[in-house]
Amino acid sequence: MPFREAIRLAFQVIWAQKMKSSFSVIGVFIGVTFLIAVVSIVEGMNAYMTDRFATTLLGVNTFQLRRYPGVQMGDVSRETRREWRRRPRISFEDARAVVEGLSLPVVTAWESSSRADLSHDGKIAKDIEVVGATEDYFQIKNWDLEAGRPFSPQEAQAGQPVMVIGHELAERLFETRDPIGREVRIRGIPYRVIGVVETQGNLFGISLDKFAVAPALSPIKRIVNPARVVDALLVRAGSLEELDVAIAETEAIMRSRRHLRPSDGNNFSIETADAVLDFWGKINRVLMMALPGLVSISLVVGGIVIMNIMLMAVAERTREIGIRKSLGARRRDIMRQFLVESATLATVGAAIGIATGIGLAGIVQATTFLPARVAPWSVVVAIVLGGGVGVTAGLYPASRAARLDPVDAIRQE
Amino acid sequence: MAEQPLISLRGLTREYRMDAETVYALRGIELAIGTNEYVAIMGPSGSGKSTLMNVIGCLDTPTRGEYWLNGTEVSRMSDDELARVRNREIGFVFQTFNLLPRATALHNVELPLIYAGTSARERRRAASRALERVGLADRMHHRPNELSGGQRQRVAIARALVNDPSILLADEPTGNLDSVTSQEIMAVFGELHTQGQTVLMVTHEADIAAHAHRVVTLLDGVVHSDSVREAA
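From first to last, the protein sequence lines are chains A and B.
For what it's worth, our numbering labels the leading residue of the first sequence as 3, then goes sequentially.
For what it's worth, our numbering labels the leading residue of the second sequence as 2, then goes sequentially.
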C-alpha cells in the first residue's frame, strides 16, 4: 500500500473514532504540552536573565564591592547570615583606597540606598528607593536621561541637594508638568529635581522606574547609611580581562586594609553578573535535566496506552485484515497500515500538544511577568518524539496484525 | 483438453494438528481445471470443500502435494508471494460479502488495485468500470450498509473482477441471499462465464450447482465424483 494511502486511511480511522482517539493520545499530548511550555518558559527566562536581569542589576563588566552579596541566591544558612552581619561595613576610606589603588582605568561610583517617602506640593510617593551615589553612577548603570542632566562632580563633591528621578516617580509626583527645577522633599529636606532617567521597564514585575538618585554626600546620607559608609563601590572595567585584574587588585587592597591573615576568608564580598548568571545556569541545568525525565514518563505512559489501543484495534479489525490479505495485502502492507495509523495518532496528539504548549506559554507570558519564548528545537523534538512513540508503540500490534493467518482472520466476526 | 490446465492439483493433502491428533481435511485431491470452465464444488459439511477453496485461493497452503496455477507451482511459495498471486490471479466472492463497512462501494472495489500499486487515477477508472459491469454504476459512493444484499454481493463481484483474475472463486455466493436475488447473482456469474471468465464455486445447494457446467463432489477429503454436464 502506498504511504499516502496509508496516511489517508489512518486519518479516516482516527476521525471515525474521535473519542477513542482523543483518549488514546492523552499521554503523548500531556508530555508534549509540558515539554513545549516548560522549554518556552525556561528559554524565555534564560534570555531574560542574560539580557536583562544580570546586567540591569549588576551591569556589564562591572563588579560591586559590598559588605555581603546584594543578590542572594539559593539557600543562605543562618550561620552565614550571622557572619555577614559581623562584617565591618565598607567605609568611605575603603572605597577611596580601592579606587586609588586600581592600576587600570576604570569607572567607579558609590552606591548607598534606602527607602523613603517623597513629597511634592502635597503629593506623596511612598516607599521609594533613594540612592546616594557619585557622579559616574549613571554611566555605570547605562542610564540615559530623558530630561535634564545628571549631577556634576562638583555637585557630588559638595553634596548639593539635587536629584535625578526615575520615569514613573516623575509621573507620579508631577503628572504632566515638567519636573525639572521643581522641589521634592525627602523627610522634610528640600531637593531640586535636575534630571529624569528614561524608562527602564520592569524586572519580574517590579518597576525599575521608581527611584531617586542624589549625591552621596548630600543630606540624604543621614537616611541611607550610618556615617561615612557606603553599601557598595561599583567598578566598571573596560573589558572582561580588565575586570578580572581589577577584582584581584580590589581583593588584595581590601584584605590588606582589613589586616586579614592568609588563612582568613574575605570579610567583604565582590559580586559580578557572572555569579548571578552561574547560579541561574545551575537552576537552568536542573530544570533541563528534570525535563526529559518528566516528559519521558508521560511519553512512556502515552506509548503504552497507544499500544493497547492499537492491540484493541487489531483485535476489532481482524476481519478487515483478513479481507485485505485475501485481496493481496502482503505482511508489510498490513504492518505499514497499522504503524502509520499509530504514528499518525501519536503525531496528531503531539501536534495538539504543541499548539496547547505554545498557547500555555503565551498565556503565562500575557498574564505574568514571566517571559516565554517558544524554542524551535523543542517543536522539532516534540514532533520527532511523538512520531517515534507512535511507531514504537505500534510495532508490536502491527506485527501481530501482519502475522495473522488470512483464513482465520477472515472468519472472525 | 490438450493444453495445460489452469489449475492442476496433484495428491493435494492438508492436515491440521489438533493437540496430539492429526485431522485430515484433504487427503490426496487430484483435480485439473481448464481455462473458461465453470465448476461447482459440492459436498457435505466436513467434506473438505472449504479447505480446498482456501488452498486454491492461496489463503492456505497444502501440507503435501502440488498445486500448479498457470504453470507455476504455488504450493511452495512464501507468504508474500502468495499474497501477490491472490492479488493478481484470484478474485474472491464470499458468502458474507466481506466488504469493508466504512468504505464506499468504489473504495472497496479499488482495494485490490491499491495492493497492486496501481495509480489513484487508474484505480478509480478500473473500479468504476467493474461496478458498471455488475450494474452498480449509480451506487458507487454508497457504503455497504446503504446497499441491499444482492447489491453488496455485486460490489464483491466487481472487486473480485477488478484485477482481471485468472479465476473467480466463489464460496457459497448465494448463501446469504433470498432466492430471487440468488438467481440474479447466478445470472451475473453465467454472464461472466460467457465472457470467458473461469469460475469456481463452492456450494451445497444443488440448484445453485446446476448453473455450473461441471460438478465436482468431495467426500471425506477426496474427489468422490466429477461430472461434466451439457448445458441445461
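C-beta atoms are modelled at their ideal positions from N, C-alpha and C, and glycine is treated no differently.
In this chain, leucine 210 of chain A is not harboured by any alpha helix (DSSP H), its DSSP state being neither H nor E. Taking 9 Å as the threshold, the shortest C-beta distance from valine 342 of chain A to chain B does not fall below it.
Selection A:Arg405, A:Ser380 and A:Gly359 evaluated against alanine 39 of chain A yields A:Gly359 as nearest (Cα-Cα). Per DSSP, reduced to three states, the secondary structure at aspartate 276 of chain A is helical. Within the same chain, Asp172 and Val203 come within 6 Å of methionine 54 of chain B by CB-CB distance, once the 5 residues on both sides are set aside. Assignment of serine 26 of chain A by DSSP, reduced to helix, strand and coil, places it in the helix class.
Within the region 106 to 167 of chain B, the complete alpha helix (DSSP H) segments at least 4 residues long are 106 to 117, 121 to 134 and 150 to 162, listed from N- to C-terminus.
Counting C-beta atoms within 10 angstroms of its own C-beta, aspartate 211 of chain A has 16 or more neighbours from the protein chains shown and is therefore classed as buried.
Rounded to whole angstroms, the Cβ separation of proline 181 of chain A and valine 199 of chain A is 11 Å, and the two are not in contact under 8 Å. Using a Cβ-Cβ distance cut-off of 8 Å, the region 136 to 149 of chain B and the region 345 to 363 of chain A are not in contact, since fewer than three pairs of beta carbons, one from each stretch, lie closer than that value. A direct Cα-to-Cα measurement between alanine 250 of chain A and proline 378 of chain A gives close to 41 Å. Against chain A, the CB of phenylalanine 95 of chain B has a partner CB under 9 Å away; the residue lies at that interface. Exclusion of the five residues before and after valine 44 of chain A leaves Leu289 as the residues of its chain whose Cβ lies within less than 6 Å of its Cβ.
With respect to leucine 13 of chain B, isoleucine 30 of chain B sits close: the two C-beta atoms are nearer than 9 Å. Cβ contact annotation for glutamate 415 of chain A (same chain, cutoff 8 Å, sequence separation greater than five): Arg321, in chain order.
Valine 247 of chain A sits away from alanine 234 of chain A, with the two beta carbons spaced by 9 Å or more. A Cβ-Cβ separation of about 17 Å leaves leucine 329 of chain A out of contact with leucine 201 of chain B under the 8 Å criterion. Under a criterion of Cβ atoms nearer than 7 Å, no residue of chain A is adjacent to aspartate 139 of chain B; the nearest Cβ is some 24 Å distant. Per the coordinates, the alpha-carbon of valine 24 of chain B lies some 60 Å from the alpha-carbon of serine 380 of chain A. Flagged as an interface residue toward chain B: lysine 327 of chain A, by a C-beta distance shorter than 9 Å. Spatial neighbours of glycine 388 of chain A in its own chain (CB-CB distance under 7 Å, excluding positions within 5 residues in sequence) are listed in chain order as Val30, Val34, Ala348, Thr349, Gly351 and Ala352. Residues of chain A with a Cβ closer than 9 Å to the Cβ of asparagine 88 of chain B are, in chain order, Leu329, Gly330, Ala331 and Arg332. In summary, aspartate 165 of chain B is exposed, with fewer than 16 beta-carbon neighbours lying within 10 Å of its beta-carbon over all protein chains present.
The region 290 to 309 of chain A and the region 391 to 401 of chain A touch, with no fewer than 3 CB-CB distances between them shorter than 8 Å. Secondary structure note for valine 217 of chain B: its beta strand (DSSP E) is the uninterrupted segment 215 to 220. Put simply, the region 180 to 200 of chain B does not touch the region 67 to 75 of chain B. Fewer than three CB pairs are less than 8 Å apart. DSSP places histidine 169 of chain A in the helix class (H, G or I) of the three-state scheme. Residue environment analysis places arginine 77 of chain B among the exposed positions, since fewer than 16 neighbouring C-beta atoms fall within 10 angstroms of its C-beta. Ranked by Cα distance from isoleucine 208 of chain A, the options A:Ile130, A:Met256 and A:Ala254 are led by A:Ile130. In the structure shown, arginine 321 of chain A falls within a helical segment according to DSSP collapsed to helix, strand and coil. The beta carbons of alanine 158 of chain A and glutamate 185 of chain A sit about 20 Å from each other, so the pair does not count as a contact at 8 Å. Considering only beta carbons, the part of the region 52 to 71 of chain B lying closer than 8 Å to chain A consists of Asn55, Gly58, Leu60 and Asp61, in chain order. Counting every other CB atom within 10 Å of its CB across the protein chains shown gives tyrosine 17 of chain B a total below 16, marking it as exposed. At a cut-off of 3 residues, the continuous stretches assigned as beta strand (DSSP E) that sit fully inside the region 141 to 205 of chain A are 147 to 150, 164 to 168, 185 to 188 and 191 to 199.
Neighbours of aspartate 80 of chain B in chain A, taken as residues whose beta carbon is under 7 Å from its own, are Arg333 in chain order. Rounded to the nearest angstrom, the gap between the Cα atoms of arginine 144 of chain B and alanine 363 of chain A is 45 Å.
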